[in-house]
Amino acid sequence: MLGAIYPLSGPQAQGGKRELAGVQAALRVSGADVRLQVIDATTPEQASVAVDRLVRDYHVPAILGTYGSTLSAAASARAEELKTVYWETGAVADPITVHRHYVFRTVATGSALGRMAVTFSHDVLLPGSHLASPRAVIVRVDDIYGRSVGGGEQELAQSMGINVVDVIEYSPNVYDANVIAARLEQDRPDFLWDVSYLDDGVAIWSAILNSHVTLKAAIGTSSAFCMPEFSRRLGAGSVGVYAADKPDADISQAALSQSGRALLARAQAAYDGGTMDIPAVAGFIGGWTLFHDVLPNAGASISAESIRAAAVNVDVPVGDSINGGGVKFAGPGALDEGQNVRAAAVVGQWQAVGVMKIVYPPTYAN
Numbered sequence: 053m054l055g056a057i058y059p060l061s062g063p064q065a066q067g068g069k070r071e072l073a074g075v076q077a078a079l080r081v082s083g084a085d086v087r088l089q090v091i092d093a094t095t096p097e098q099a100s101v102a103v104d105r106l107v108r109d110y111h112v113p114a115i116l117g118t119y120g121s122t123l124s125a126a127a128s129a130r131a132e133e134l135k136t137v138y139w140e141t142g143a144v145a146d147p148i149t150v151h152r153h154y155v156f157r158t159v160a161t162g163s164a165l166g167r168m169a170v171t172f173s174h175d176v177l178l179p180g181s182h183l184a185s186p187r188a189v190i191v192r193v194d195d196i197y198g199r200s201v202g203g204g205e206q207e208l209a210q211s212m213g214i215n216v217v218d219v220i221e222y223s224p225n226v227y228d229a230n231v232i233a234a235r236l237e238q239d240r241p242d243f244l245w246d247v248s249y250l251d252d253g254v255a256i257w258s259a260i261l262n263s264h265v266t267l268k269a270a271i272g273t274s275s276a277f278c279m280p281e282f283s284r285r286l287g288a289g290s291v292g293v294y295a296a297d298k299p300d301a302d303i304s305q306a307a308l309s310q311s312g313r314a315l316l317a318r319a320q321a322a323y324d325g326g327t328m329d330i331p332a333v334a335g336f337i338g339g340w341t342l343f344h345d346v347l348p349n350a351g352a353s354i355s356a357e358s359i360r361a362a363a364v365n366v367d368v369p370v371g372d373s374i375n376g377g378g379v380k381f382a383g384p385g386a387l388d389e390g391q392n393v394r395a396a397a398v399v400g401q402w403q404a405v406g407v408m409k410i411v412y413p414p415t416y417a418n
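The sequence shown lines up with residues 53 to 418 when you count with this note's numbering.
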């Protein structure tokens with residue numbers, strides 16, 4: 053038995069349910085003899101308590117989770133204290149894998165996604181824009197997720213000659229979207245890099261549209277602008293907006309190896325939720341890596357130590373994962389030990405209501 057902690061109710065339920073469904077699809081495809089004990093957690097406190105319960109009552113050697121970064125930060129820290137493997141399938145905040153020995157993450161870090169947004173702005177949007185001194189504003193939530201992504205954006209922008217003229221930080225629980233839009237308008241940016249959750253992201257972008265703020269481009273990063281619900285709620289207002297995130301299942305076949313294409317077909321057949329969106333794909337990759345690449349090599353007596361020992365030897369080439377990435381964890385002694393250094397990141401654009409197309413990097417473009 054293994055544990056699983058995801059937000060199955062509350063504001064992050066949509067993503068949490070789909071990520072868990074991806075994990076469950078991976079379990080079916082792998083044929084592994086594993087039962088998942090699933091616990092719903094919607095707050096960091098609940099996530100930490102869930103770890104205690106899974107270890108104390110079910111004696112699990114490993115726990116999968118968590119979709120949300122604030123949940124993962126609490127759960128993974130508690131698992132580390134208990135020397136239980138925490139297998140992160142979706143949360144992106146950088147500190148989750150910093151100075152940890154029992155935490156493994158198969159998806160990209162928040163700072164990597166932030167850097168992808170900046171790189172796309174610099175390499176694709178800037179050429180031909182005739183901007184001598186490009187200006188950007190970062191709008192971000194004031195938590196571990198927002199600061200990880202926004203920090204990556206600030207750091208790279210400076211080295212690429214893009215001037216970050218303002219960082220607008222806000223609480224996703226208490227904010228005024230109109231005030232944020234007004235401040236953004238005063239900043240006169242060329243680019244907006246947004247790091248929000250769904251409800252606040254929709255509200256802020258609606259306020260920006262209503263204020264007629266002029267932008268060369270807006271790029272959201274994970275968790276809001278990339279979600280189908282973002283486009284559904286905003287309708288035509290979402291068209292043209294970019295989002296940097298993990299890839300979904302609708303990527304160019306050129307990004308996949310032969311084995312990656314075959315595995316994607318099996319994953320799609322096993323997934324119960326229809327089209328595999330970003331959380332579903334992330335969940336599948338995390339689950340598949342654990343069920344297919346780690347557990348069969350963890351010995352006859354499965355323990356946290358044997359899982360950890362097998363995980364550090366995983367070596368999945370780029371293109372073999374169903375989103376075009378691969379899996380290789382940073383090894384013992386690395387600052388980000390347990391972080392997948394082959395995790396994929398892309399930029400998509402809403403090109404019609406409900407239709408997002410990957411536009412960068414070129415290999416992934418569909």
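Cβ atoms here follow ideal geometry from the backbone N, Cα and C, with glycine treated the same way.
Please read these numbers as outputs of a predicted model, since none were measured by experiment.
Tell me the rounded alpha-carbon separation between residue i and residue j.
i	j	result
HIS27	VAL101	Here the chain comprises residues numbered 53 to 418, so residue 27 is not present and cannot be evaluated.
GLY166	ALA160	10 Å
ALA93	THR171	35 Å
ARG360	LEU261	48 Å
GLU389	ALA307	26 Å
PRO331	TYR249	14 Å
HIS151	GLY180	43 Å
GLY117	ASN225	23 Å
LEU88	GLU132	20 Å
GLU357	GLU71	26 Å
ILE115	VAL103	8 Å
SER85	THR136	Here the sequence assigns Asp to residue 85, which means Ser is not the residue at that position. Going by the C-alpha atoms only, they are around 20 Å apart.
MET408	ASP109	43 Å
SER309	ILE337	15 Å
PRO113	GLU221	38 Å
ALA397	PRO369	15 Å
GLY371	ALA255	37 Å
GLY203	VAL176	21 Å
ALA350	THR341	13 Å
ASP329	THR141	14 Å
GLU97	ARG192	23 Å
Between residue i and residue j, is the Cβ-Cβ spacing less than 8 Å?
i	j	result
TRP245	ALA169	yes
ALA145	LEU123	no
ALA404	ILE410	no
GLY287	VAL75	no
TYR197	SER121	yes
GLY55	LEU134	no
ASN215	ALA188	yes
VAL333	ASP300	yes
GLY292	ALA276	no
TYR323	ALA77	yes
ASN392	VAL379	yes
PRO280	PHE243	no
VAL155	SER274	no
ALA363	VAL346	yes
ALA73	GLY376	no
ILE148	ALA164	no
Following the continuous beta strand (DSSP E) through residue i, name the residue where it begins and the one where it ends.
i	result
GLN210	Where GLN210 is concerned, there is no enclosing beta strand (DSSP E), although the alpha helix (DSSP H) it sits in stretches over 196-212.
LYS409	407-412
GLU140	137-140
PHE282	No beta strand (DSSP E) holds PHE282; the alpha helix (DSSP H) holding it covers 280-286.
ALA270	269-273
ALA295	294-297
VAL191	187-193
VAL155	155-157
ASP92	88-92
ILE57	54-58
Terminal residues of the continuous alpha helix (DSSP H) containing residue i?
i	result
TYR119	Segment: none, TYR119 is in no alpha helix (DSSP H) and carries neither H nor E.
THR171	162-172
ALA456	Not covered by the structure: residue 456. The range shown for the chain is 53 to 418.
VAL107	96-110
ARG394	Where ARG394 is concerned, there is no enclosing alpha helix (DSSP H), given that its DSSP letter is neither H nor E.
When you compare each of the options to residue i by their alpha carbons, which one comes out closest?
i	options	result
THR158	TYR138, PHE172, VAL265, GLY400	TYR138
GLY400	VAL155, ILE260, TYR249, CYS278	CYS278
VAL219	PHE381, VAL247, MET328, ALA397	VAL247
PHE282	LEU54, GLY67, MET53, ALA56	GLY67
ALA99	VAL217, SER290, ILE57	ILE57
THR266	ARG284, ALA233, GLN305	ALA233
PRO413	ILE303, GLY385, ASP367	ILE303
ILE190	LEU177, GLU205, VAL176	GLU205
GLN210	ASP228, GLU97, SER173, ARG284	SER173
SER263	THR95, GLU97, GLY289, HIS153	GLY289
LEU60	ILE271, GLY213, ILE91	ILE91
ASP194	LEU178, ILE271, ALA184, TYR227	TYR227
Within the stretch 304-355, note down every full alpha helix (DSSP H) run reaching 4 residues or more, in order along the chain. 310-322, 330-340
Length at least 4, wholly inside the stretch 220-262: the alpha helix (DSSP H) runs in chain order: 229-239, 250-262
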